[in-house]
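Remarks on the structure that follows.
In the working numbering, the protein residues as written are 2 to 317.
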């Protein structure tokens with residue numbers, strides 16, 4: 002088939018000319034051919050897990066599936082009309098949940114954009130889900146950027162989902178077989194996919210830190226999902242992937258708990274007396290300025306609170 006021959010020639014030319022050093026797509030082609038030994042002209046369809054293995058994969062990803070449900074629904078409402086499907090894959094590149102229209106299901110099932118298909122780069126070469134996992138970053142693989150010729154009718158936009166320790170736990174992917182998906186729409190979809198993936202990350206992070214305060218860092222204003230978990234002593238005990246990036250930490254790198262004020266770059270009271278005074282003032286604020294109520298909450302007398310706060314200890 003001429004298309005397959007042209008695609009093979011394109012890949013061979015790119016690899017022989019040293020394109021892997023200049024292009025992330027060609028670098029992925031190089032991994033596909035040289036590391037994984039794949040043939041771009043193969044006609045086999047994606048391998049799929051059997052029902053038992055798929056059920057096990059879905060069970061392992063159960064929390065992510067549950068927390069991602071509303072996000073997948075919202076994303077599909079935005080892109081489903083463009084002839085796209087939404088896939089939630091696990092860390093092995095296996096879709097464990099999806100959204101699609103019934104009219105398109107037969108086509109996407111035939112492509113392998115379905116539950117249980119194995120879309121790792123090792124199995125399918127350059128593709129949205131597999132290359133996203135391999136590189137740990139959002140990717141857009143459009144049509145003939147795929148390694149296997151039989152996948153060149155697809156456009157795939159994917160973003161990684163990181164767990165509470167910063168490791169890739171899954172991938173959110175939007176795939177379409179439409180040939181008229183232009184660059185403008187692709188960029189809009191890419192933004193929506195990345196934003197949705199960050200929202201799932203934050204929900205996973207919340208679930209990993211029950212009972213602790215979740216604080217949004219200023220860096221999260223750009224949608225990075227930079228949040229931290231803070232205990233009752235105002236010590237940061239956990240960092241999301243976005244927070245790790247903001248603080249220059251790698252995924253899985255050990256994090257030593259630090260005061261929230263240090264992370265935010267805020268000043269704190271110096272010495273025991275100032276720290277004590279800060280505790281007393283917080284108690285007064287919680288009691289709406291009522292000295293008696295604040296004293297009871299702290300387990301001290303009104304006279305002690307008056308003495309330590311001085312002029313501030315005025316009954317409301």
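The beta-carbon is built from N, C-alpha and C at its ideal position, and this holds for glycine as well.
Nearest-angstrom beta carbon gap, residue j and residue i [assumed within contact, 8 Å]
i           : j           : result
residue 54  : residue 171 : The Cβ separation is near 17 Å, so there is no contact.
residue 153 : residue 164 : So it is not a contact: roughly 33 Å between Cβ atoms.
residue 160 : residue 198 : 4 Å
residue 173 : residue 194 : 6 Å
residue 225 : residue 252 : Residue 225 to residue 252, Cβ: 14 Å. No contact.
residue 58  : residue 91  : 6 Å
residue 39  : residue 148 : 6 Å
residue 296 : residue 302 : 6 Å
residue 281 : residue 310 : 6 Å
residue 187 : residue 156 : 7 Å
residue 126 : residue 169 : That belief does not hold up - the Cβ atoms of residue 126 and residue 169 are roughly 19 Å apart, past 8 Å.
residue 284 : residue 64  : About 38 Å; that fails the 8 Å criterion.
residue 300 : residue 245 : At roughly 39 Å, the Cβ-Cβ gap does not stay under 8 Å, so residue 300 and residue 245 are not in contact.
Cutoff 8 Å; reference residue i; Cβ partners in own chain excluding five residues on either side
i           : result
residue 236 : 258, 259, 260 and 261
residue 210 : 165, 230, 238 and 239
residue 288 : 294, 295 and 298
Under 8 Å between C-beta atoms of residue i and residue j
i           : j           : result
residue 142 : residue 94  : no
residue 88  : residue 66  : no
residue 177 : residue 113 : no
residue 277 : residue 241 : no
residue 151 : residue 44  : yes
residue 243 : residue 227 : yes
Cβ neighbours of residue i in the same chain (closer than 6 Å, five flanking residues each side left out)
i           : result
residue 305 : none
residue 117 : 49, 50 and 55
residue 37  : 123
residue 15  : 27
Contacts around residue i, its chain only, beta-carbon distance under 7 Å, and the 5 residues preceding and following it disregarded
i           : result
residue 48  : 119 and 124
residue 2   : Confidence is the limiting factor: at residue 2 the pLDDT is only 45, short of 50, which leaves the residue's position unreliable, though a coordinate-based value still follows. Nothing listed; no residue qualifies.
residue 190 : 80, 158 and 175
residue 73  : 87, 89, 98 and 100
residue 21  : 27, 28 and 31
residue 320 : Residue numbering for the chain in the displayed model covers 2 to 317; residue 320 lies beyond these limits and cannot be assessed.
residue 200 : 72
residue 108 : 178
residue 204 : 68
residue 132 : 29, 122, 140 and 142
Exposure of residue i, with buried meaning 16 or more beta-carbon neighbours within 10 Å
i           : result
residue 41  : buried
residue 102 : exposed
residue 10  : exposed
residue 185 : exposed
residue 219 : exposed
residue 128 : buried
residue 180 : exposed
residue 96  : buried
residue 286 : exposed
residue 19  : exposed
residue 13  : exposed
residue 24  : exposed
residue 60  : exposed
residue 33  : buried
Residue i CB to nearest heavy atom of the ligand MG below 7 Å
i          : result
residue 77 : Judged by which ligands are present, the structure shown has none, so any question about the ligand MG falls away.
Residue i at chain C interface by Cβ criterion, 8 Å
i           : result
residue 155 : The question asks about chain C, but that chain is absent: this structure has only one protein chain.
For the stretch 61-135, list the alpha helix (DSSP H) runs that are entirely contained and at least 4 residues long, ordered along the chain. 63-80, 103-112 and 122-125
In chain order, each alpha helix (DSSP H) run of at least 4 residues that lies wholly inside the stretch 181-242: 184-209
Run through the stretch 5-43 for me and flag every whole alpha helix (DSSP H) of 4 or more residues, listed as ranges in chain order. Runs found: 25-31.
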